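Number of protein chains: 2
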Amino acid sequence: MTEPLALGSTIGILGGGQLGRMLSVAASRLGFRTHIFEPGAAPPAGHVADAVTTADYEDNAALKAFASACDIVTFEFENVPTSALDLIEAHVPIRPGREALRISQDRLTEKDFLRDLGLNVAPYADIPDRAALDAALAEIGTPSILKTRRFGYDGKGQARLRGPEDAAEAIEGMNGAPCVLEGFVDFSHEVSVIAARGTSGEVACFDPGENVHRDGILHTTTVPARLSAAQRTDAVLMAGKILNALDYVGVLGVELFVTTGGLIVNEIAPRVHNSGHWTQQGCSVDQFEQHIRAIAGWPLGDGSRHTDVVMENLIGHDMDRVPELARQKDVSLHLYGKADVKPGRKMGHFNRVMR
Amino acid sequence: MTEPLALGSTIGILGGGQLGRMLSVAASRLGFRTHIFEPGAAPPAGHVADAVTTADYEDNAALKAFASACDIVTFEFENVPTSALDLIEAHVPIRPGREALRISQDRLTEKDFLRDLGLNVAPYADIPDRAALDAALAEIGTPSILKTRRFGYDGKGQARLRGPEDAAEAIEGMNGAPCVLEGFVDFSHEVSVIAARGTSGEVACFDPGENVHRDGILHTTTVPARLSAAQRTDAVLMAGKILNALDYVGVLGVELFVTTGGLIVNEIAPRVHNSGHWTQQGCSVDQFEQHIRAIAGWPLGDGSRHTDVVMENLIGHDMDRVPELARQKDVSLHLYGKADVKPGRKMGHFNRVMR
Chain A
1 MTEPLALGST
11 IGILGGGQLG
21 RMLSVAASRL
31 GFRTHIFEPG
41 AAPPAGHVAD
51 AVTTADYEDN
61 AALKAFASAC
71 DIVTFEFENV
81 PTSALDLIEA
91 HVPIRPGREA
101 LRISQDRLTE
111 KDFLRDLGLN
121 VAPYADIPDR
131 AALDAALAEI
141 GTPSILKTRR
151 FGYDGKGQAR
161 LRGPEDAAEA
171 IEGMNGAPCV
181 LEGFVDFSHE
191 VSVIAARGTS
201 GEVACFDPGE
211 NVHRDGILHT
221 TTVPARLSAA
231 QRTDAVLMAG
241 KILNALDYVG
251 VLGVELFVTT
261 GGLIVNEIAP
271 RVHNSGHWTQ
281 QGCSVDQFEQ
291 HIRAIAGWPL
301 GDGSRHTDVV
311 MENLIGHDMD
321 RVPELARQKD
331 VSLHLYGKAD
341 VKPGRKMGHF
351 NRVMR
Chain B
1 MTEPLALGST
11 IGILGGGQLG
21 RMLSVAASRL
31 GFRTHIFEPG
41 AAPPAGHVAD
51 AVTTADYEDN
61 AALKAFASAC
71 DIVTFEFENV
81 PTSALDLIEA
91 HVPIRPGREA
101 LRISQDRLTE
111 KDFLRDLGLN
121 VAPYADIPDR
131 AALDAALAEI
141 GTPSILKTRR
151 FGYDGKGQAR
161 LRGPEDAAEA
171 IEGMNGAPCV
181 LEGFVDFSHE
191 VSVIAARGTS
201 GEVACFDPGE
211 NVHRDGILHT
221 TTVPARLSAA
231 QRTDAVLMAG
241 KILNALDYVG
251 VLGVELFVTT
261 GGLIVNEIAP
271 RVHNSGHWTQ
281 QGCSVDQFEQ
291 HIRAIAGWPL
301 GDGSRHTDVV
311 MENLIGHDMD
321 RVPELARQKD
331 VSLHLYGKAD
341 VKPGRKMGHF
351 NRVMR
């Protein structure tokens, strides 16, 4: 498929959370419809979609009907089962492609991929069992982090090891899931690059943002990030290298540690990314429209930063701040319409512009 | 209702066109759901709404079910039948209120209202029949325009009179509908003010935009408009006067003719307005979010212009320009997802920013 997606076409989105919601709005701006596929009831993206399928990823009939109703399918999260992707792809193209998903679904595969590209990553080791953990700890040392190879996000499926004596508890907590051990990196701060690649191979990167986490969840992203001109160029070149290696189409997030020895890739996410929400107020074309443009075969839009922005997440009872934030003239609110406020749940975010 | 609308509430929107579509997106950003009521099939707003009712304004059961499902109801066009409004209002508040609708639904009532407020309007006369037209032509003269009192938009229901000899054909074309005759105003250009008023009575106006029409349909809006500082102040004061007189809640559009003798009110529209689309790229809070904020009882947002913008409508086969416009870095596209391209049909618009 090299022709642009026809106006009025339907874009399927796997996952109905806030990323799907904002992708859906961006798609509407360009004249497309969206169809959400989500196992959970009442998905936030469903409030702004043309159609919603509520079904499990094991429901082949629902997957087939969904795929047949769409002209192209994308996703808002990377842990879609392979069997579901196979079934969908028999009917309709999936963008970004399967290779990006295969790699990012598995931390070990991802780290091997990045290392083989010549990029710097933290020291790591494959941990199939306790014996491997002991051997890896002897080499990588502590502090270090044990992470499940699959299905981890927002600090879930992770255990911190302060010394070898933490090994037993850490590996027990993983319930037999295959893991990787990651050595600690002595970094000054974390930045991320939200990068896009079109069907023609053109690449466009948003300005890197500087991320601060709280309790394992992104708290703020600030643009511009504290980076030298050389670091900024490095970050963008690294993102471009990853996109090209994957023959990627769409938006991808790259998290980087800033160290005295250069930039180290923490992880990649083959989708729009929480650390790219600042683009909604900082750029003419935000990461959501950029993703839709890319997968629709449109030219990429202007992602240059016209305004400095601080994005802050509203987690759980941060929602109590909404009435006060609504009064602040430099604040743009983005709420996700989630019914229940729960601790640790991403309920919304806001962008504070610095004009 | 003086408490702000609770997060997650449902806003009903009467009318499912592009204005309802963009209102729906703005509502989602603030965490609200929307429910569209529209007689026509496959309304553009339905692509980004939580629920759609397809029914006529005479379908009382459908109206009642719709009203019961909503926490508040607003509208994207002013020609909603009174009986439908009565039925809805028995269940749920309508914002802006009925008075604004009553006045703007009838050109004669509207002109009387504006004149009684002390604002300047074009010379006009009530035309119930041919005799009244002859009498009015003797006083107002030609060129002048005969317009139906109700249901006119985008140049429909209008006839231009170059001389008294055009009277017969003009009034026959109206098929017995009550009319007004409007005298021509010698104006240099047209501007419009998009104004908002909150439940607390606070008023905020967007910067006036300068409008150019083609074939009776808005072609471009340019901000800033060509206005002196005094004219700019006048325009904003006039809009504020109208809002206060109507005890208005929401966004209202005021079209003004610029003449050597001052500003003359052409017409008002009790809703978001095509000439306010530039706010999507020119302001932190656009007219759609401002309307949702107002009717939801939120504080009004920051509508100050941070960027110069030219908005241009895409009418009918202007859609052929989309591929080229998509490549232009200073252009933000907004397409309405309408299935069929028809001459004179508003298919989308774009904002060109002047940074």
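Just so you know, the sequences run in chain order A and B. Residue numbers are given in the UniProt record's numbering: position 280 of the first sequence equals residue 280, and the series is strictly consecutive. Residue numbers are given in the UniProt record's numbering: position 203 of the second sequence equals residue 203, and the series is strictly consecutive. Where is the CB? At the ideal position from N, CA and C, for every residue including glycine. Please read these numbers as outputs of a predicted model, since none were measured by experiment.
Candidates the options: closest to residue i by CA position
i	options	result
A125 of chain B	B:L119, B:T109, B:L117	B:T109
V249 of chain B	B:P44, B:C70, B:T74, B:I268	B:T74
C70 of chain B	B:V185, B:F37, B:M354	B:F37
H349 of chain A	B:L30, B:M22, B:G12, B:V203	B:L30
Q158 of chain B	B:K147, B:A167, B:F151, B:P164	B:K147
F151 of chain B	B:R162, B:M174, B:L161	B:M174
R162 of chain A	A:G176, A:G183, A:P178	A:G183
F187 of chain B	B:D302, B:V212, B:A26	B:V212
R214 of chain A	A:P208, A:E312, A:Q290, A:I295	A:E312
R352 of chain B	B:G282, B:H291, B:D302, B:P343	B:G282
P261 of chain A	A:D302, A:V121, A:P178, A:D247	What sits at residue 261 of chain A in the sequence shown is Gly, not Pro. Minimum Cα distance to G261 of chain A is reached at A:V121.
L117 of chain A	A:Q328, A:K329, A:R149, A:I242	A:I242
Residues of its chain near residue i, where Cβ-Cβ distance is below 8 Å and the 5 sequence neighbours each way are ignored
i	result
L87 of chain A	N60, L63, K64, A67
G337 of chain A	R21, P44, H47
M347 of chain B	L314, I315, G316, D318, M319, L335, Y336, K338, V341
Opening and closing residue of the alpha helix (DSSP H) in which residue i lies
i	result
residue 413 of chain A	Outside the shown range of chain A, which is 1 to 355, sits residue 413 of chain A, and nothing can be said about it.
R98 of chain A	98–104
Q231 of chain B	229–245
R293 of chain B	287–295
T109 of chain A	107–116
N322 of chain A	Here the sequence assigns Val to residue 322 of chain A, which means Asn is not the residue at that position. Start and end: 322–326.
A132 of chain A	130–140
T279 of chain B	279–282
Segment limits, beta strand (DSSP E) that includes residue i
i	result
R271 of chain B	Run containing R271 of chain B: none; DSSP gives neither H nor E here.
E190 of chain A	189–197
residue 383 of chain A	Because chain A spans 1 through 355 in this model, residue 383 of chain A falls outside it and cannot be assessed.
E69 of chain A	It is Ala, not Glu, that sits at residue 69 of chain A in the sequence shown. Counting along the chain, A69 of chain A falls outside any beta strand (DSSP E), though it belongs to the alpha helix (DSSP H) covering 60–69.
A159 of chain B	158–161
residue 363 of chain A	Nothing in the structure corresponds to residue 363 of chain A, since chain A is present only between 1 and 355.
K346 of chain A	346–354
T222 of chain A	217–223
L5 of chain B	L5 of chain B -> no beta strand (DSSP E), and no H or E assigned at all.
I127 of chain B	124–127
Separation of residue j from residue i, as counted between CA atoms
i	j	result
P93 of chain A	T259 of chain A	39 Å
L300 of chain B	L5 of chain B	14 Å
H277 of chain A	S284 of chain A	13 Å
residue 358 of chain B	S192 of chain B	This structure does not reach residue 358 of chain B, given that chain B is present from 1 up to 355, and the question cannot be answered.
M1 of chain B	E99 of chain B	Low local confidence applies: a pLDDT of 47 at M1 of chain B is under 50, so the model's placement there is unreliable, and no value is given.
V254 of chain B	E324 of chain B	33 Å
A167 of chain B	S304 of chain B	46 Å
A239 of chain B	F257 of chain A	53 Å
residue 384 of chain B	H306 of chain B	Residue numbering for chain B in the displayed model covers 1 to 355; residue 384 of chain B lies beyond these limits and cannot be assessed.
G201 of chain B	V251 of chain B	13 Å
P143 of chain A	R115 of chain A	22 Å
D134 of chain B	R160 of chain B	15 Å
D293 of chain B	A42 of chain A	Correcting the residue identity first, residue 293 of chain B is Arg in this sequence and not Asp. Cα-Cα distance, rounded: 24 Å.
F244 of chain A	V331 of chain A	The sequence given here has Asn at residue 244 of chain A, not Phe. Computed Cα separation, rounded: 36 Å.
R321 of chain B	E3 of chain A	16 Å
H35 of chain A	G40 of chain B	21 Å
Own chain partners of residue i with C-beta closer than 7 Å, once the 5 adjacent residues on each side are dropped
i	result
L78 of chain B	What sits at residue 78 of chain B in the sequence shown is Glu, not Leu. Contacts found: L101, S104, Q105, A269, P270, R271.
R226 of chain B	H189, E210
E267 of chain B	E110, E255
A326 of chain A	L333
P224 of chain B	D207, D308
Cutoff 6 Å; reference residue i; Cβ partners in own chain excluding five residues on either side
i	result
N274 of chain A	L218
R33 of chain A	T10, D50
L19 of chain B	E76, V272
H91 of chain B	A67, S68
H291 of chain B	G250, V251, V272
G198 of chain B	A294, L300
A177 of chain B	T148
Proximity test, residue i beta-carbon vs the ligand FAD heavy atom, cut-off 7 Å
i	result
H213 of chain B	Because no ligand of any kind appears in the structure shown, any question about the ligand FAD cannot be addressed here.
Inset, instruction - Counting only runs of 3+ residues fully inside the region 21–49 of chain B, write out the beta strand (DSSP E) ranges in chain order. - result: Runs of the beta strand (DSSP E) lying entirely within the region 21–49 of chain B and spanning at least 3 residues, in chain order: 33–38.
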